[in-house]
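Peer 1: Let me begin by handing over the structure; questions about it come next.
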Amino acid sequence: MTGEVVVPVRGPNAYDVIIDRDVAGHAADLLRGAVERVLIVHAAAVAETAREIASTLEARGIRVWFQETPDAEAAKTVDVAAAGWALMGQAEFTRSDAVITVGGGATTDIGGFIAATWLRGVQVVHVATTLLGMVDAAVGGKTGINTAEGKNLVGSFHPPAGVVCDLATLQTLPIDDLRAGLAEAIKCGFIADPVILDLVEEDPSDALDPNSDRLKEIVRRAVAVKAKVVSQDLKESGLREILNYGHTFAHAIELIENYQWRHGDAVAVGCIYAAELAQRADILSEAEVARHRELFTLVGLPTQYVAGRWDELLTAMRRDKKTRGTMLRFVVLNEIGEPTRLEGPSEELLRATYDAVSA
């Protein structure tokens, strides 16, 4: 697949997602209106890409400020947000100015949150430089920070003016981070587009090659899944919950591991937990549960979590955003490509499923 791919996100806050190699500079083209100032919120590892974008902006007469964020989930704190607000205040940012994020999912989450909350909302363009950011965090308008009580409990919905997925930036990404990003793409395959699963199964190594057309097609398909869902349900009132497949258990792992687990690794185990739960509730077949394990194993992702931590996990799951009152709710599959909800499963069923996914 050669050339630039554009996936439109429709709805009242429509925008485009641009997918190709060496397209980070297109971020400037996605800004709307007479922007005079831009805050570039970026991860340290992509400072050079941030500077390249800044040069494009400055050539158009736009003044640029930089905010370098800590790595991964450490970026998603109120202190980092406050530092961004301070920069914007000192530079006298107005409602017609903008934020551009450059980095992975944590960077788009915190940069988007800063944009959403400054003057009750200024525009943001996301330049995703990790596979996880491309197929998950950058698309959909979710922004958020973590607290001691849980992940993404504070945040807002703030659709971007546009998203750029620059596949060239994946060439320097560690293989473990590529695998973690692929977990979210595989999740999209399970809930909506089984062709993604076929593409991974046909050649797992090629699916992890940043230069391959296979990975580009996987990214395009995963973005299209998310674009279709969020265009119909921006604020997670119903349909959008399917994107949380595997995430109830995954977020619990991340919390009790103090965010030392990669998000995609946790999602892989979380999807297997959801599949095992559905099978025990007589919803999903054993063969489809086995396909979950086989797929994640093929690309080197974990399929089990440690034993002996059930009480902590259950407490963490009760704080999940999908929980209503004391009733836990899980996204599960009737079959691959057909998600549904399982509401209020018994604690015995939940515990038995944990036993099945714990080493």
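FYI, numbering that gives the first Met the number 0 numbers position 256 of the sequence shown as 255, with every residue one higher than the one before it. The C-beta atom is built at its ideal place from N, Cα and C for all residues, glycine as well.
(1) Measuring only the C-alpha atoms, how far is Val6 from Thr171?
(2) Is it a yes or a no for the stretch 281-297 touching the stretch 328-335, going by three-plus beta-carbon pairs under 8 Å?
(3) So, is Asn243 buried or exposed, given that buried needs 16 or more other C-beta atoms within 10 angstroms?
(4) Jot down the residue ranges of each uninterrupted beta strand (DSSP E) in the stretch 95-144, minimum 3 residues, whole runs only, in chain order.
(5) Please state whether the Cβ-Cβ distance between Ala114 and Val98 is less than 7 Å.
(6) In whole angstroms, what is the alpha-carbon distance linking Thr314 and Glu148?
(7) Where are the beta strand (DSSP E) runs, 3 residues long or more, that stay fully inside the stretch 143-201, in chain order?
(8) Quick one: Cα of Asp78 to Cα of Phe112, how far?
(9) Among the residues of its own chain, which have a CB less than 6 Å from the CB of Ile241, if the five just before and after it don't count?
(10) Taking 8 Å as the threshold, find out whether the stretch 85-102 comes into contact with the stretch 34-47 through three or more Cβ pairs.
(11) Under a Cβ-count criterion, where at least 16 other Cβ atoms within 10 Å of its own Cβ denotes burial, should Leu29 be classed as buried or exposed?
(12) Flag this pair as yes or no: are the beta carbons of Ser155 and Thr168 separated by less than 7 Å?
(13) Give every residue of the same chain whose Cβ lies closer than 8 Å to the Cβ of Val124, excluding the five residues on either side of it in the sequence, and list them in chain order.
(14) Nearest to Phe295 by CA position, among Gly188, Ser230, Ala221 and Ala226, is which residue?
(15) Can you tell me whether Arg261 is buried or exposed? The criterion is at least 16 other CB atoms within 10 Å of its CB, across all chains shown.
(16) Using a Cβ-Cβ cutoff of less than 6 Å, which residues in the same chain neighbour Gly132 once the five nearest sequence positions on both sides are dropped?
(17) Do His291 and Ile271 have their C-beta atoms closer together than 7 Å?
(18) Taking a contact to mean a Cβ-Cβ separation below 7 Å, would you say Leu238 touches Val222 in this structure?
Peer 2: The answer reads as follows:
(1) 25 Å
(2) yes
(3) buried
(4) 97-102 and 122-127
(5) With respect to the 7 Å criterion, Ala114 and Val98 are classified as neighbours on the basis of their beta carbons.
(6) Taken atom to atom, the span from the alpha-carbon of Thr314 to that of Glu148 is near 11 Å.
(7) 149-156 and 161-165
(8) Rounded to whole angstroms, Asp78 to Phe112 spans 12 Å at the Cα level.
(9) Closer than 6 Å at Cβ, skipping near neighbours: Ile190, Val330 and Pro338.
(10) yes
(11) buried
(12) no
(13) Contacts found: Ala26, Leu29, Leu30, Ala97, Val98, Ile99, Thr100, Pro159, Ala160, Gly161, Val162 and Val163.
(14) Gly188
(15) Under this definition Arg261 is a buried residue.
(16) Here the set comprises Gly103, Gly104 and Thr107.
(17) yes
(18) Contact flag unset, no.
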